[in-house]
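Counting in this note's numbering, the final residue of the sequence shown is number 728, and the numbers go up one at a time with none missing.
Cβ coordinates follow ideal geometry from the N, Cα and C atoms, glycine included.
Computed from a prediction, not measured in an experiment: that's the story for all the values here.
Here is the structure we will look at, set down as structure tokens.
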Amino acid sequence: MKKLTKENWLELSFFAFILLVWLAWAWILPFNEGPDEYMRSRIVDYIVEYGKLPTGYQQEIMDYSWGFTYGFRPILPQMVEAVFVRVAMIWTKDAFSLILAGRLVSVVCGVIFAGLVRAISKNLFERADIQWLFTLLTVCLPQACFLFTYLNCDSMALMASAMILLFVIRGMEDHFSVRNCVWIAVSCAICVLSYYNAYGFLITAALIYLGCHLKWSREAVDATQKREIWKAFWKKGFLILGLVLLLAGWWFVRNYFLYDGDILGLKTQDQYAEHYAMDILKPSNRQNYQNQGYSMAYMLFHSDWAASVLKSFIGVLGPLWYALRWWMYAGYGLLFIAGILGMLLECAAKLRDRKKGGSGNPERMFWHLGLLVAILVPNVLNFWYSYATDYQPQGRYSMPMLIPFMYYIARGLFFWVKWVEQRTGEAIRRVLSVLVTLVCLWIAGCALFCVVKIMWPAYKDVEDKSVVKVYTMEELYGDDWEEKMSN
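Rendered as structure tokens:
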């Protein structure tokens with residue numbers, strides 16, 4: 242039997258830790274204390290009861306405050322949750338136990354996500370301490386941890402984004418073997434059927450795939466080899482596209498026939514909201530920055546949108562009520578600022594070297610372009626929704642950017658580590674290594690703190706966690722909620 246190394250023990254401890262944190266969090270959290278959990282659960286209940294997929298028209302899953310259902314959007318997470326609930330019903334009929342069974346899908350997605358991120362870290366960083374820094378930054382962010390504990394679509398989308406990135410990286414190493422192409426297609430299909438805001442990763446995969454073939458074509462020794470490279474590009478590209486259409490295209494074909502050509506279902510959802518929602522929540526009655534004549538720049542610089550998104554990207558828990566401690570926001574803020582500054586300085590240094598000679602690498606250029614797309618797309622969609630539809634500055638809408646964003650933060654922090662190491666002696670290098678370890682422990686500690694000191698005190702006195710707490714509009718938006726909705 243192979244003896245476990247120190248690294249193996251660290252990994253086992255890490256996975257045991259996050260699994261314990263997420264399971265405890267999922268058990269502590271009462272039903273519907275995660276955003277939109279009740280509306281998602283209605284789809285699960287429908288599938289369990291009737292054994293078929295609901296349409297967006299289904300009254301059984303309708304929310305008559307907002308006037309629409311989530312049946313119009315991709316529901317792969319709810320389909321898997323229904324399977325978990327149906328299996329759990331063999332042993333129990335307890336309401337909260339069945340809710341917890343559905344939540345296990347998010348927990349499982351989180352554990353798979355963590356494993357994929359750990360594998361990605363070993364491909365992106367050579368040093369073990371920076372690998373762990375990137376892993377913990379990505380996996381233990383409080384808001385990400387929260388998403389892995391209740392019924393939602395975000396957890397599966399994050400898992401799919403990690404799958405796409407890992408198999409693309411492996412494809413870069415083995416010239417996109419058929420095996421990796423199949424896995425890329427499966428990953429993209431899961432992404433397509435989970436969450437629209439994560440679709441930027443589809444573009445990311447395509448850009449990196451193109452960049453690799455441009456590099457290999459440039460390195461070709463003759464015209465014949467170059468033709469073979471582009472022949473493989475089209476052959477494997479159509480293989481990936483065909484498998485994605487086969488695995489995920491059925492949903493959009495279904496939407497086309499159900500909703501008169503509306504393949505995304507969003508237009509029909511808005512029509513339903515206009516017809517069935519409370520008057521003040523109808524799309525035509527919602528006042529937003531666009532229909533009030535303000536520019537996007539005005540909203541960006543004269544509202545709390547950016548600050549609220551950043552704060553809730555780090556973590557605002559429960560039904561967007563429970564903020565983290567100030568020192569947690571300050572700590573993550575410092576890490577983000579240092580990481581971004583380090584990344585900018587590294588970019589400046591590379592640009593200076595480029596001017597001295599040497600041609601660019603298409604693979605690296607398209608790699609970074611792809612990651613920037615994965616960062617920009619969810620943020621642009623998040624911003625546009627607040628500007629043109631409903632002002633909801635929430636960091637969870639930007640969460641699909643988590644892996645590429647943390648990659649650049651970790652890389653920027655690594656720049657400072659190298660900068661200090663190059664200018665100091667052995668003693669300072671050891672101190673720096675200890676500091677990186679302490680930062681990793683602090684990040685893990687924040688995730689544990691959220692469960693023990695924020696979630697548990699907030700919900701320990703709830704007697705029946707399966708009962709949906711009905712919040713008034715005053716509780717959700719304040720006593721001046723009507724004024725907020727009309728402004």
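Count the other CB atoms within 10 Å of the CB of residue i; is the residue buried (16 or more) or exposed (fewer)?
i    : result
V485 : buried
A398 : buried
A518 : buried
E322 : buried
W373 : buried
P698 : exposed
L676 : exposed
G292 : exposed
S418 : exposed
T390 : buried
I331 : exposed
I578 : exposed
P446 : The displayed chain sequence assigns Ala, not Pro, to residue 446. Label assigned to A446: buried.
R420 : exposed
V614 : buried
K244 : exposed
D511 : buried
W424 : buried
N393 : buried
S536 : exposed
G483 : exposed
Counting along the chain, where does the alpha helix (DSSP H) carrying residue i start and finish?
i    : result
M413 : 395 to 414
R228 : The requested residue 228 does not occur in the structure, where the chain is confined to residues 242 to 728.
S282 : 278 to 291
Y356 : Looking at the sequence shown, residue 356 is not Tyr but Gly. Residues 336 to 365.
S458 : 441 to 460
Q384 : 383 to 388
R652 : 643 to 662
Y497 : 464 to 499
I425 : 419 to 433
V703 : Per DSSP, V703 belongs to no alpha helix (DSSP H) and is neither H nor E.
S627 : 603 to 629
N249 : 247 to 269
Q319 : 317 to 329
W683 : 667 to 690
L294 : Note, L294: premise wrong, no alpha helix (DSSP H); not H, not E.
D520 : Here D520 belongs to no alpha helix (DSSP H), and DSSP marks it neither H nor E.
W332 : Note, W332: premise wrong, no alpha helix (DSSP H); not H, not E.
F272 : Premise fails: F272 is in no alpha helix (DSSP H) and is neither H nor E.
Y632 : Segment: none, Y632 is in no alpha helix (DSSP H) and carries neither H nor E.
V380 : 369 to 380
M696 : M696 -> no alpha helix (DSSP H), and no H or E assigned at all.
L541 : 537 to 543
For the putative contact between residue i and residue j, defined by C-beta atoms under 8 Å, what is the C-beta separation to the nearest angstrom?
i    : j    : result
I650 : G580 : 3 Å
D395 : R637 : 6 Å
G275 : Q384 : 11 Å between Cβ atoms; not a contact.
L488 : I695 : That pair is no contact at about 39 Å.
I353 : Q319 : Their Cβ separation, rounded to whole angstroms, is 18 Å, which puts I353 and Q319 out of contact at 8 Å.
I405 : S428 : 4 Å
S639 : V550 : 6 Å
A369 : L407 : Wrong, their Cβ atoms sit about 18 Å apart, outside the cutoff.
E301 : R283 : 7 Å
Between residue i and the ligand FAD, is there a pair consisting of the residue's CB and a ligand heavy atom that are separated by less than 7 Å?
i    : result
R671 : In terms of ligand content, the structure shown is empty, and the ligand FAD therefore cannot be addressed.
Taking 6 Å as the limit between beta carbons, can you name the residues of its chain near residue i, skipping five residues before and five after?
i    : result
H416 : none
Y279 : N273, V709
E414 : none
R670 : E662
V358 : T376, T379, V380, A403
K508 : none
M303 : T310
C422 : K477, L480, I481
G611 : T445, L448, I449
N620 : S639
Taking 7 Å as the limit between beta carbons, can you name the residues of its chain near residue i, skipping five residues before and five after?
i    : result
S707 : F272, A336, F337, I340
K467 : S458, A461
M647 : F375, L378, T379
T296 : G312, L499
Check the DSSP bridge columns for residue i and list the partner residues they point to.
i    : result
F309 : D304
V557 : A564
What does a CB cutoff of less than 8 Å around residue i pick up in its chain, not counting 5 residues either side in sequence?
i    : result
Y497 : D503, I504
G490 : none
G356 : F256
E515 : G308, K523, P524, S525
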